[in-house]
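Visitor: For the sequence shown, our numbering gives the first residue as 913, with consecutive numbering after it. Sending over a structure as structure tokens; questions will come in a sec.
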Amino acid sequence: MTSETSSSSEWKTTITNEWRARRLAETKDVSLLFPLAMNPFGEDEILAMTDVLLTGRLTLGKQIEHAEKKFAEIVGVPYAVMVNSGSSANLLAVSAIANKLRTRHCQAGDHVLVPAVSWSTSVFPLIQHGLRPIFVDVDP
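See below:
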């Protein structure tokens, strides 16, 4: 085993142990029956993110290109675009459905149903494009 491989293995073991300890503490501290948000990342994702952080290349890396191609393949479309956050994804999606270059598009004043319990970033892109959010409850 080379020193580089040994070093790589050591940080992965350290990160994995820390992630497992924090995850265990997090699950013991859940006080809500239905928490509003939870950590969606697993051990593999944490290690992959750490590996990217250690390279210093945080944008437009080879992992992004691979993920875009893989996601497009999974959903059966020719292209996919990665963005930095769910907030940016919401804005991009609303911009796409409101794009006047499309034959059919949402127009200013159109109503859009939005869950009553949601983030502001689900609403603001609609308002930005002149759409009218209508808040609905899932339990009438």
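For every residue, glycine included, the Cβ atom is placed at its ideal position computed from N, Cα and C.
1. In this structure, how does DSSP classify H1017 when only helix, strand and coil are distinguished?
2. Under 8 Å by Cβ, that's how I've got L1025 and I1046 pegged, so tell me the actual separation to the nearest angstrom.
3. What do you get for N1011, buried or exposed, if any count of 16 or more other CB atoms within 10 angstroms of its CB means buried?
4. Could you check what DSSP says for L1025 in three-state terms: helix, strand or coil?
5. I'd like the list of long-range same chain contacts for G1042, defined as Cβ closer than 6 Å, with 5 residues on each side in sequence excluded.
6. Have a look at N951, E977, K924 and flag the residue whose alpha-carbon is nearest the alpha-carbon of L936.
7. Measuring straight from C-alpha to C-alpha, what distance separates S1000 and P990?
8. Tell me, please, which residues DSSP counts as bridged to I1046.
9. Rounded to a whole number of angstroms, what is the C-alpha to C-alpha distance between A984 and F953?
10. If you check the beta carbons only, do P1027 and V1050 fall under 8 Å apart?
11. For F946 and W1031, what's the separation of their Cα atoms in angstroms?
12. Would the beta-carbon of H1023 fall within 8 Å of that of R1044?
13. Just curious, the alpha helix (DSSP H) that T962 is in, first and last residue?
Guide: On the basis of the data shown:
1. coil
2. 5 Å
3. exposed
4. strand
5. A1020
6. N951
7. 21 Å
8. L1025
9. 21 Å
10. yes
11. 16 Å
12. Taking 8 Å as the Cβ cut-off, H1023 and R1044 qualify as a contacting pair.
13. 955-967
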